[in-house]
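Chemist:
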Amino acid sequence: MQLGILIILGFLLPRLIPGSPLSFSADQIDVLNAMLPKETFNRFTDYYAPEQPLIKQFAGYLRHLARGDWGYSFYYGLAVREIVMSRVTLTLFLSLTSIVISIFIAVSLGAYLALKGGGYLEKGLLTLLLVLQTIPVFLLAILCRMLFAHHLGWFPAFGAYPLVMTPADAGFALHFLRHAILPIAVLILYTVPPVAVLTRNVVQKIKREPYVEAAYYFGIRERIIWLYYILLNSLPEILGRLNITFLYAIAGALFVEIIFSYPGMGTLMKVAVEARDYPLIQGIFLVTSIYSIAINMLFELLSIKLNPRLTKMT
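All residue numbers for the sequence shown refer to the numbering used here, where the first residue is -19 and numbers rise by one.
#1: Determine the DSSP secondary structure at Ser59, reduced to helix, strand or coil.
#2: To which residues does DSSP link Tyr52 through a beta bridge?
#3: Which value, in whole angstroms, describes the spacing of the CA atoms of Val253 and Pro243?
#4: For Gly263, is the classification buried or exposed, using 16 other Cβ atoms within 10 angstroms of its Cβ as the cut-off for buried?
#5: Should Gly232 and Leu167 be called a contact, given that it needs their Cβ atoms to be closer than 9 Å?
#6: Put Gly246 into one of helix, strand or coil per three-state DSSP.
#7: Can you tell me which of the three DSSP states Gly99 falls into?
#8: Out of Gly199, Ile186, Ile122 and Ser272, point me to the one whose CA is closest to Tyr228's CA.
#9: With distances taken from CA atoms, which of Thr71, Gly51 and Leu72 is nearest Glu324?
#10: Does the separation of the CB atoms of Ser283 and Glu189 fall below 9 Å?
#11: Between which two residues does the alpha helix (DSSP H) containing Leu162 stretch?
#12: Here's a check: name, in chain order, each residue in its chain whose Cβ is nearer than 8 Å to the Cβ of Ile124, leaving out the five neighbours to either side.
#13: Is Ala86 closer than 9 Å to Ala176 when the C-beta atoms are compared?
#14: So the candidates are Val64, Leu76 and Ile186; which of them puts its Cα closest to the Cα of Trp206?
#15: Is His155 closer than 9 Å to Pro142 when the C-beta atoms are compared?
In structure tokens form, the structure reads like this:
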């Protein structure tokens, strides 16, 4: 159901952009350096039939999609599937790495603030988290790039690796990781605050439950109470509410890629929108939607696994 709605949206949204992608490629070929040969232009026209009613275009899109055919990019002149798959691995690397690190940091920090909160250090950390939570991800990316790349020169400002290098070159992995540090750090700074605040609130609520007070009354060691009575019972609720946060993180990764010119799905979407490349926009939207649904399902399954009561409800 979700995927069906997203497929419809992915088809309709690009068509809300003013102008025709075919006329754009034909009229402004010198500006875009697309160099579409006449036969290629005619092939695109026959393939997509832009003069047909929207419902017929959508039916054709579904037929192609059912065969695993995502169409051809007007801008690149290549199969959309080939283009998207060449970029999606970089976006997966950034987003998944930042999500895993963010969960570890945020849950640990939130639990600490809930269990040990009250001092000046804890109040200062909470204030910092609340401030970071208000900063848009693109502004956070710009500030980090200006400070750590341009001003201090600690990290590269753009790209995923030096353009003169190939994966076969010695030291490529080191350069690749060095280029990824700043984008990943920005995504962590963007994701940790809401998750840490959420964890703190949930843990504080669980800490006041009668069974926790009973555990203290019977003299059970504090470390065991924290781990088994409070934290483990907090995880199902935390994970159940994390899916929306990490959907925002996935969207944030696309903006971060644009700021750092990281050659993933974000920069590809920017080019596709500027070129009004409907098929490419649809392909990017489809892959991003599938990825988001998979993340959402993963967190729901983890919540059910950790809380057997949810299994009966489902």
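For every residue, glycine included, the Cβ atom is placed at its ideal position computed from N, Cα and C.
The structure presented is a predicted model; accordingly, all values stated were derived computationally and were not measured.
Modeler: Taking the coordinates as given:
#1: Note that residue 59 is Ala in the sequence shown here, rather than Ser. Three-state result, Ala59: strand.
#2: Residue pairing of Tyr52 in beta bridges, as defined by DSSP: Ala59.
#3: 15 Å
#4: buried
#5: A contact, by the Cβ cut-off of 9 Å.
#6: helix
#7: strand
#8: Ser272
#9: No answer is possible for residue 324: the residues shown for the chain start at -19 and end at 294.
#10: Taking 9 Å as the Cβ cut-off, Ser283 and Glu189 do not qualify as a contacting pair.
#11: It spans Phe152 to Lys187 - the alpha helix (DSSP H) in which Leu162 sits, taken as one unbroken run.
#12: Just to set this straight, residue 124 is Cys in the shown sequence, not Ile. Hits under 8 Å: Leu162, Ala165, Val166 and Leu169.
#13: yes
#14: Ile186
#15: yes
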